[in-house]
Amino acid sequence: MKKITRATTASLVALTATMAAGAADDNQKEKFTLEPCFVDGIKNAARCATVQLPLNYDDPDGKQIPIFVAVVPSSTASPETDAFIVFSGGPGQASAEQGAFVDLAFDEILGKRDVILIDQRGTGKSYALSCNFDPIEDADIEPKAAAEKCRSQQDIDVRHFTLENIIRDTEEIRARLGYDQLNLWGGSYGTKTASLYLKRYPERVRSVVVDGVLPPDTSLFSSAPASAERALNKLIEDCSAQTSCNQAFPDIKAQVNALVEKASNGELRFKGLNPVTGVSVDIEMSIAMTVESIRSVMYNAEGTTILPFAINEASNGNLQPLVAGLFGAEALSNGMYLGSTLSLLCGEDVSSIGDDAAAAAGAGSFARDSYYKIWNEYCEGWDYIVPSASDFYGPAEGDVPMLVLSGDLDPVTPPALGEHWVKGFPNGRHIVVKGTGHNTSYVACMPSLISEFVDNLDAAALDTSCLDHLARLPLVISANGNVQ
0 MKKITRATTA
10 SLVALTATMA
20 AGAADDNQKE
30 KFTLEPCFVD
40 GIKNAARCAT
50 VQLPLNYDDP
60 DGKQIPIFVA
70 VVPSSTASPE
80 TDAFIVFSGG
90 PGQASAEQGA
100 FVDLAFDEIL
110 GKRDVILIDQ
120 RGTGKSYALS
130 CNFDPIEDAD
140 IEPKAAAEKC
150 RSQQDIDVRH
160 FTLENIIRDT
170 EEIRARLGYD
180 QLNLWGGSYG
190 TKTASLYLKR
200 YPERVRSVVV
210 DGVLPPDTSL
220 FSSAPASAER
230 ALNKLIEDCS
240 AQTSCNQAFP
250 DIKAQVNALV
260 EKASNGELRF
270 KGLNPVTGVS
280 VDIEMSIAMT
290 VESIRSVMYN
300 AEGTTILPFA
310 INEASNGNLQ
320 PLVAGLFGAE
330 ALSNGMYLGS
340 TLSLLCGEDV
350 SSIGDDAAAA
360 AGAGSFARDS
370 YYKIWNEYCE
380 GWDYIVPSAS
390 DFYGPAEGDV
400 PMLVLSGDLD
410 PVTPPALGEH
420 WVKGFPNGRH
430 IVVKGTGHNT
440 SYVACMPSLI
450 SEFVDNLDAA
460 ALDTSCLDHL
470 ARLPLVISAN
480 GNVQ
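For reference, each letter of the sequence shown is one residue, going 0 to 483 in numbering that gives the first Met the number 0.
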């Protein structure tokens with residue numbers, strides 16, 4: 000899907016009042032047996048099970064769907080009774096497929112606690128809403144048609160693959176596993192999952208760590224253009240402060256705006272090799288593709304080191320360095336389950352903002368409203384539910400110990416969103432990690448800080464001086480990787 004998915008996958012829903020009232024008596028829950036297993040990327044052996052849970056909780060005796068859970072046991076013989084659960088992002092990622100990240104970020108957590116990984120419904124081994132496209136036949140398929148084709152491949156009512164039901168699945172599994180409380184970790188879109196679980200089952204939450212936050216009362220598509228613009232401005236500031244970069248690339252902002260304008264007029268084409276597959280391609284670069292070729296690279300701070308050079312090359316007619324990030328992001332997006340992404344994103348976020356509001360939010364940003372437009376077109380071809388619970392979009396708040404993490408260079412969930420989030424938590428602390436993009440939990444000493452927080456529940460006492468040395472790496476000024 001050259002024309003569409005490369006522009007979108009780089010970046011790449013209601014409970015009744017009785018459900019919200021609290022957790023049911025755990026003793027009444029049917030238990031299940033965990034069998035020995037291995038989770039790819041995690042060195043410790045795990046224990047896994049597939050649990051049958053209702054597709055529709057309003058019809059508990061109706062169709063059941065499999066929900067996969069992996070428990071990575073603590074390395075101690077006497078672990079704490081409260082487990083640590085990982086809510087992955089996307090939306091549309093399967094937590095049990097994030098083993099390498101979990102092993103890197105939460106190895107110290109495993110020293111005292113079990114770690115729970117659940118493939119949320121619609122992902123991984125939990126009735127995955129996968130979409131199959133022909134690389135030739137569907138090469139230039141439009142978003143709405145792509146969503147319709149994906150929808151036609153599903154043999155189930157996708158409207159039940161909502162965040163509310165994901166939360167209910169999580170609570171059912173917690174109760175059956177027998178943990179009294181959970182320590183929540185949510186990353187990116189998983190921060191919304193953590194927030195809603197806390198809102199629905201506060202008595203079951205011992206602590207919360209959120210990384211790269213999307214506050215429930217903030218629209219992703221309202222904030223995305225300004226977030227991208229901020230990240231670009233940070234890059235320009237850092238380039239200006241590096242003499243060699245400033246001399247080589249003094250007009251980055253003007254170059255970016257000119258590239259986006261050319262794309263809007265249909266005047267930007269890439270003819271060359273897909274750096275991932277090695278296949279020759281000839282693509283008209285849409286606004287969304289042009290924006291994502293810049294924005295997606297900024298997710299990873301290390302990737303930004305070549306961005307000024309790539310922008311300059313593109314301005315001089317060589318798009319190969321710039322599109323490398325776009326194709327690379329497309330390859331990484333294979334870990335996303337598009338059907339799950341659409342069921343969640345369309346119902347919860349796209350539906351919460353209209354065309355006029357999106358256009359206004361994009362004014363003044365190089366990203367314009369391209370992110371919203373692409374996903375809105377997808378959603379026109381998908382079947383989804385808009386949240387009906389009156390508090391779904393309410394602010395995150397509570398007395399629970401809360402650690403909020405933001406990367407200073409993050410192009411989608413910048414520190415301002417973390418600052419907004421932490422205001423609702425008197426026992427919370429917001430840590431901004433310098434020189435880091437989207438997702439900070441694995442960076443430097445952060446795994447130790449997270450483990451200390453979960454142990455002691457005192458965010459204010461954390462000594463973050465071990466992060467002080469972090470900064471963006473020097474920016475490259477030539478194809479040879481020179482920084483001087």
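Virtual Cβ for every residue (Gly too), placed ideally from N, Cα, C.
| query | result |
| --- | --- |
| Simplified DSSP assignment, three categories, for E34 | strand |
| Length of the line joining the Cα atoms of E147 and A460 | 51 Å |
| Bridge partner(s) assigned by DSSP for S279 | L272 |
| Bounding residues of the alpha helix (DSSP H) (the contiguous stretch that carries R173) | L162 to L176 |
| Cβ shell of K261 (< 7 Å), same chain only, five flanking positions each side left out | L267 |
| Closest residue to T463 among I449, N455 and P473 (Cα-Cα distance) | I449 |
| Delimiting residues of the beta strand (DSSP E) encompassing S405 | M401 to G406 |
| Beta-carbon gap between H159 and L52 smaller than 7 Å | no |
| Collapsed DSSP secondary structure at N256 in the structure displayed | helix |
| Segment contact flag, the region 66-80 with the region 418-438, C-beta cutoff 8 Å, min 3 pairs | no |
| For L183, the first and last residue of its enclosing beta strand (DSSP E) | L181 to G186 |
| Coarse secondary structure for F67, derived from DSSP in three states | strand |
| With 16 other Cβ atoms within 10 Å as the buried cut-off, status of T276 | exposed |
| CA-to-CA distance, Y56 to S125, given in whole angstroms | 16 Å |
| For H159, three-class secondary structure by DSSP | helix |
| Reference L306; option with closest CA among V255, M288, G265 and E141 | V255 |
| Cβ-Cβ distance between T412 and L213 below 7 Å | yes |
| Residue range of the beta strand (DSSP E) that includes I84 | A82 to F86 |
| 7 Å Cβ cutoff met for Y383 and S342 | yes |
| Sequence-distant residues of its chain with Cβ nearer than 7 Å to A357 (five each side left out) | F220, D368 and Y371 |
| Continuous alpha helix (DSSP H) stretch holding R46: start and end | Not the alpha helix (DSSP H): R46 falls in the beta strand (DSSP E), residues A45 to P53. |
| Where H429 falls, given that 16 or more other Cβ within 10 Å makes a residue buried | buried |
| Separation of L408 from I165, as counted between CA atoms | 30 Å |
| Cβ shell of R205 (< 7 Å), same chain only, five flanking positions each side left out | D81, Q180, L181 and N182 |
| For H429, the three-state DSSP class (helix, strand or coil) | strand |
| Other residues of its chain near S477: CB distance less than 6 Å, five sequence neighbours each side excluded | none |
| Where K198 falls, given that 16 or more other Cβ within 10 Å makes a residue buried | buried |
| Stretch-stretch touch, CB-based, cutoff 8 Å, three pairs: the region 165-179 with the region 116-132 | yes |
| Span separating the alpha-carbon of F326 from that of A247 | 26 Å |
| Those runs of the alpha helix (DSSP H) which lie wholly inside the region 320-400 and span at least 4 residues | 337-347, 354-361 and 369-379 |
| Beta-carbon proximity check, F86 vs R175, cutoff 7 Å | no |
| L116 - containing beta strand (DSSP E), residue span | V114 to I117 |
| For T49 and P65, the rounded distance between their alpha carbons | 6 Å |
| Reference V399, options A193, E163, N232 and W374, closest by Cα | A193 |
| Where K191 falls, given that 16 or more other Cβ within 10 Å makes a residue buried | buried |
| Backbone secondary structure at D60 - three-state DSSP | coil |
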